[in-house]
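Novice: Provided herewith is a single structure, encoded as structure tokens, for subsequent inquiry.
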Amino acid sequence: MEFAIHSGLREEGRHLSLKGAVPKHGKGHIAAATNPDEIRTLLSAVDAYDSSVTRAALIVTMLTALRPGVVAGARWSEISLHDAEWLVPPERMKTRNAHLVPLPVQAVNEIKGVPKFTGSPSSKPKATKQNHLSSRLPLRY
Numbered sequence: 008m009e010f011a012i013h014s015g016l017r018e019e020g021r022h023l024s025l026k027g028a029v030p031k032h033g034k035g036h037i038a039a040a041t042n043p044d045e046i047r048t049l050l051s052a053v054d055a056y057d058s059s060v061t062r063a064a065l066i067v068t069m070l071t072a073l074r075p076g077v078v079a080g081a082r083w084s085e086i087s088l089h090d091a092e093w094l095v096p097p098e099r100m101k102t103r104n105a106h107l108v109p110l111p112v113q114a115v116n117e118i119k120g121v122p123k124f125t126g127s128p129s130s131k132p133k134a135t136k137q138n139h140l141s142s143r144l145p146l147r148y
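Per our numbering, residue 8 is the first one in the sequence shown, and the count goes up by one each step.
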């Protein structure tokens with residue numbers, strides 16, 4: 008702005024208006040199952056998924072409304088099955104604020120089925136470089 012004033016391209020104190028200078032960005036369609044038939048089809052597809060770990064992650068994502076990446080990066084240390092709560096630390100949330108997620112009974116049951124793939128939350132942590140779903144399994148240490 009100072010360059011424009013010093014170059015005589017605009018008068019000092021005049022408001023800069025960019026209205027119409029940049030084309031409006033049209034929002035794209037974000038697919039969502041909104042009627043019972045679509046929801047039924049979606050749930051059937053999730054139930055038919057080959058990987059039970061991925062199926063559990065999809066179900067927990069639907070039940071908690073968390074972002075898929077947050078669910079994929081879940082750690083046992085964040086989840087209290089006893090209290091049915093999941094405390095997602097700020098560094099894993101888009102807003103950079105900690106997020107306490109109440110877990111419905113269905114989500115707790117799905118999460119309880121995951122230890123047979125990733126180890127029990129009470130067993131000793133395994134030394135791994137990546138401890139989240141993006142390294143193929145959710146709920147690592």
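Backbone N, C-alpha and C fix where the C-beta goes; we use that ideal spot for every residue, glycine too.
In this structure, does DSSP put Pro109 in helix, strand or coil?
Specialist: Counting from 1 along the sequence shown, the entry for residue 109 is found at position 102. Of the three classes helix, strand and coil, the one that applies to Pro109 here is strand, per DSSP.
Novice: Do the CB positions of Ile66 and Val53 come within less than 9 Å of each other?
Specialist: In the sequence shown, the residue the question calls residue 66 occupies position 59. In the sequence shown, the residue the question calls residue 53 occupies position 46. Yes, the pair counts as a contact, with Cβ atoms nearer than the cut-off.
Novice: Where does Gly35 land, buried or exposed, given buried means 16+ other C-beta within 10 angstroms?
Specialist: Residue numbering aside, residue 35 sits at position 28 when the sequence shown is read from its first letter. Exposed: under 16 other Cβ atoms inside 10 Å.
Novice: Between the region 104 to 118 and the region 78 to 96, can you find at least three pairs of beta-carbon atoms closer than 8 Å?
Specialist: Yes, the region 78 to 96 touches the region 104 to 118.
Novice: Which stretch, first to last residue, makes up the alpha helix (DSSP H) that contains Val95?
Specialist: Position 88 of the sequence shown, counted from the start, is the residue given in the question as residue 95. Here Val95 belongs to no alpha helix (DSSP H); instead the beta strand (DSSP E) covers 92 to 95.
Novice: Distance check for Gln113 and Lys31, CA to CA, integer angstroms please.
Specialist: Stepping through the sequence shown from its first residue, residue 31 is reached at position 24. Stepping through the sequence shown from its first residue, residue 113 is reached at position 106. Straight across, the Cα-Cα distance linking Lys31 with Gln113 is about 42 Å.
Novice: Consult DSSP for Ile66 and reduce its assignment to one of helix, strand or coil.
Specialist: Along the sequence shown, one-based indexing puts residue 66 at 59. If DSSP states are grouped into helix, strand and coil, Ile66 belongs with the helices.
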